Each structure stands twice: as C-alpha cells, then as structure tokens.
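Per the working numbering, residue 22 is the first one in the sequence shown, and the count goes up by one each step. Even for Gly, the Cβ is constructed at its ideal location relative to N, Cα and C. These numbers were taken from a predicted model, which means no experiment stands behind them. Okay, so here's the structure we're looking at.
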Amino acid sequence: MDIPTIGTNPFSNIEQLVQQYMAIERQPIARLQTQKGQLNAKISLYSELSDQLSSLQSKAEDLLEDDFFLQNSATSSDTSKLTATAGTNASAGTYEITITDLATAHRVASEQKTSDWTYTVAAGETHSFTISYGSTTLTVELSGGDTGQSYTLSDIRDAINAEAEEQGSGVYASVVDNTLIIEGELGASNAMSFEDVTGTVLQSLDVIDATGTIQHELQAASDAHFTVNGLSVTRSQNEGIDDVIEGVTLNLLAPTTETVTLEVGRDTSAITGGINDFISAFNDLMDYLNEQTQVDPTTYTRGALAGDSLVQFVKRQLINSILDSVSGVSDGNPSSLSQIGITFDEDMHLTISDSETLNEYIQDNPQAVADLFQLADGVAQRIYDLLNPLTQSGGTIEEQKEVLQDQVEDIDDRIERLEAMLQRREEQIRDELVSLQQALIAAVQQQHFMQSLLYGIYGSTF
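Set out below in structure tokens:
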C-alpha cells in the first residue's frame, strides 16, 4: 500500500519570494520616479531657456543705453605719448599734437639721517609745522603727551600722510634711504612752502632753514606745455584734460619728438560690435529653440520642448520683432532693419548682409539707426519688453518652474506614502510565508510520523 508524500519544501527561500513579489508591487513607484525625472529634466530645460533669453535681453539692453549709437572714438598715432577718449559731443576731426613738457609735482627732501635718528617732543608740548600750496595748508602736529615722545622719520611720514588724507590733499610723504621725501600735487601753482609753527621739526630734518628756505629741492613744480594744431596750451595736469578739445579728454604720457595725430570721429567699431553681439545672441537663442522644439520627420523623435506653447510664442514674437516695421521713425529714415543692411539669411540666421550701408548710416545718420532699435516700438525695445517678463524674478519662466517643482514635490510625497505602505505589505507577506512554511514543516513532520506508525503496524508489507 502506497502513501503519498508532500515532497521538498517549496518555501525554503522566503526572502527571494518576498523580493520577487515586492518588485511587482513597486512598479507604480518606478513609474512615478520616471515622471519625476521627466519633470526635473524640464525644470533644467527651463533654466537653460532662461539663460538663453537673458543673454539676448542683456544684449538688447546694451543697445538701449543712452547715446550708444552716438559713441565717438579718439585714436592716437602714438599711444606711448598720448591717449584720449571722446564723448558723444566730441568735435570730429584730425588734431596734430606735440608735447613739450609734462606737468611735474614739487618734491623736496630732508638731509639723510642715521637709522636711529629721532625728533623729541617734551611732555606737555605740541610741535607743529605747515605745508602750504595753492589755497591749501596742511598742519601737522607732533604731541609729547604726558611723558614726552620721540618721533622717527617713519612716524613723521605717517603724520604727514594722515593729515593729507584727512584733508583730501595729494601731498604724499615717503622715506627712502633714511631720507624723508615730501611730494606735492602737479602744476606750477602747487609749489609747496614750509614753516615750523612751534618747535623745529622741519629745521631738524633740514627740509628748511631758519628763514624757511627749502634746502633740498629734488624737483620743481611745473605745468604741462603742449600744442594742438599749432596753438600753445598750458595745463597743471597731465591726465584728464577735458577743456581743450570739445568732448575730448586728453592724457599726456611723455614729451614728443614728433607730432602725434589724434583722429576723433564716430566709433563705428564699437557700435557695430554691439549690434553684432545682439545678432549673435539672437541667433544662438533661435538655434536653441529650434533644437529643443524640432520633430524628426523620419523617427518622429520630439525635442524636449516640442509643443510647448510658451516656447512657440517666444519664437514667433522674436521673428516678428525683427521683421515688423518700426513705427515713429522720422520721415525719410529707415523703418526696418533690412533697410540698413541687417536681414535673415537662407538659414533664418540674422546677419549684417550689407555692412557698407550699415556703416554709412552709423557715420552719417546715427540717430536713424538709434531710432530703429531704441524707439518705443524699436527692435531692441520690443525684444527687451518681450523677454523681461519671462526672465525677471517672479516672471513667467520662474512661475513655470515653480509649477513643475510643485509636481515633483507631490510625486515625492506619493512615493513616500507608497514606500511606507509597501514596507508594511512586505512585512505582512514575509510573515504569511513564514507561517505557511511553519505549517508545511509541521505537515511534513506529521507525514513522517504516520509513515513510521503504519510501518510498525503493517511491517514490510507497507
């Protein structure tokens, strides 16, 4: 007589069974994580989009600066001798300049002292001296305090410089090779005079004698002497000379042996450079938008922003901003970029297709070019007005990113709840399988007992 047996325990690897079951249960979480990844990718794309938009907005803003299209340049034939800058009101022309002398600052010195030299002020006393030039007088005081005080060359230098700084003076003291050197401001009218008011500080230094006569003059104060188109000019400064040629600031660097030519005129290079920067930023943005919104006609693969209504709107408006005529221009002046040589090429890239025409307008009628970009309906103003609400703090793109971020956080909450639920479910399944395994083991043991009992009754006939 045959008795059926239960056989090998199929639940010997409970953990493997639990994990296989939970892998199926976790599929909703995997789908949520995929959605989260897609949302985070779109947030990153919006950040990239914002950067691209901001770049073009910045270049448009540059073109909106006052007098951008009225910039002038001043070009020197020898920048080691003369440099210059020109404002928008500069008188265009060619200027022949010679520099005979540069302005110099008055410079005097003490006698050379030993390294341990000091000047002593007794307790309760204050010794003072003055440095005068033009309408300015500096009063330097050395105090003896309660116990008396000894002053080194460095101490006296520091006292002079502190007083000069407080008064906003250009006088400057230094110590070189145990010698005190005092230098004034540029120009003959700024020659310095010195006086010991109380004490004999300056006389002890041998800067002056008892009559106030300077003892060691290293350099006399003098004015700059130069000519502009043959006219002799004298100034007390070398740099920042802005009252000789209207709208031009001159910087005299060294005396000349030959005439330096200064060309003043419209800064075509700077103006076209700004326009080119704007064009490059526009093309970079359009290339980016086209790449992100294209749909492959063969594979139907869609760009990450394909179908995005905001992006499609921006693309249309950008192109219209370039192509549409500008209202408000003066009669006879160009009303579109194409009329000054800026057009789209066959690849829809904005380009300067006629640089000669553009340069002529910049030279001869810069206000017409400015109007095309800067009027309320001008190209640069249109684009700035289009992009600013998108890129500004709290703007459209930031709002879009916040909406997406809220969705990401919602998914995180859902994943957290599912994880907690699945953890409880995993523990439940494990407990159930353990219980089932224990019941199976008990059944096997019962089977073995019954087999032994029957064998004892029936013997070998069993």
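Item                                                                                                                         : Value
Chain-order list of residues whose beta-carbon lies under 6 Å from that of Tyr193 (same chain, five-residue window excluded) : Glu204
Candidates Val142, Leu226 and Glu260, of which the one nearest Ala124 by Cα                                                  : Glu260
Short Cβ contact (7 Å threshold) for Thr219 with His148                                                                      : yes
Residue closest to Asn211, alpha-carbon to alpha-carbon, out of Asn199, Thr278, Leu74 and Gln240                             : Gln240
Top-ranked residue by Cα proximity to Glu162, from Tyr154, Pro410 and Asp176                                                 : Asp176
Unbroken beta strand (DSSP E) run spanning Arg128, endpoints                                                                 : Ala126 to Ala130
Proximal residues to Ser214 (C-beta, below 6 Å), its chain only, five neighbours per side dropped                            : Ser153
Tyr116 classed as buried or exposed, judged by whether at least 16 other C-beta atoms fall within 10 angstroms               : buried
Three-way DSSP call (helix, strand, coil) for Ser210 in this model                                                           : helix
Endpoints, beta strand (DSSP E) assigned at Asp122                                                                           : Gly114 to Asp122
Gln467, buried or exposed, once every other Cβ within 10 Å from all chains shown has been counted against 16                 : exposed
Simplified DSSP state of Glu162, which is helix, strand or coil                                                              : strand
Nearest residue (CA-CA) to His237, options Gln258, Leu252 and Ile202                                                         : Ile202
Pairwise C-alpha distance: Asp244 and Gln188                                                                                 : 23 Å
Ser257 vs Leu207 beta-carbon contact at 7 Å                                                                                  : yes
DSSP-derived helix/strand/coil call for Ser10                                                                                : Because the chain spans 22 through 483 in this model, residue 10 falls outside it and cannot be assessed.
Contacting residues, own chain, Cβ-Cβ under 6 Å from Thr255 (five flanking each side not counted)                            : Asp244 and His246
Glu184 to Leu407 span [Cα, whole Å]                                                                                          : 55 Å
With 16 other Cβ atoms within 10 Å as the buried cut-off, status of Phe470                                                   : exposed
Distance, Val455 Cα to Glu36 Cα                                                                                              : 10 Å
Cβ pair count under 8 Å reaching 3, the stretch 277–297 against the stretch 366–380                                          : yes
Element boundaries [beta strand (DSSP E), containing Gly286]                                                                 : Val281 to Arg287
DSSP-derived helix/strand/coil call for Ser351                                                                               : coil
From Ala391, Ser301, Gly169 and Asp431, residue whose alpha carbon lies closest to that of Leu77                             : Ser301
Nearest candidate by alpha-carbon position, reference Gly191, set Asn182, Ala397 and Leu339                                  : Asn182
Enclosing beta strand (DSSP E) for Gln240 [first to last residue]                                                            : Glu238 to Gln240
Contact check, Gln315 vs Gly324, beta carbons under 7 Å                                                                      : yes
Near the ligand NAP: Glu186 beta-carbon under 6 Å from a heavy atom                                                          : By its list of ligands, the structure shown contains no ligand whatsoever, and the ligand NAP lies outside what it can speak to.
Leu396 versus Asn341: straight-line alpha-carbon distance, rounded                                                           : 16 Å
Beta-carbon separation (whole angstroms), Val249 vs Ile266, contact threshold 8 Å                                            : 7 Å
Other residues of its chain near Asn380: CB distance less than 8 Å, five sequence neighbours each side excluded              : Thr289 and Thr293
Element boundaries [beta strand (DSSP E), containing Arg256]                                                                 : Leu252 to Arg256
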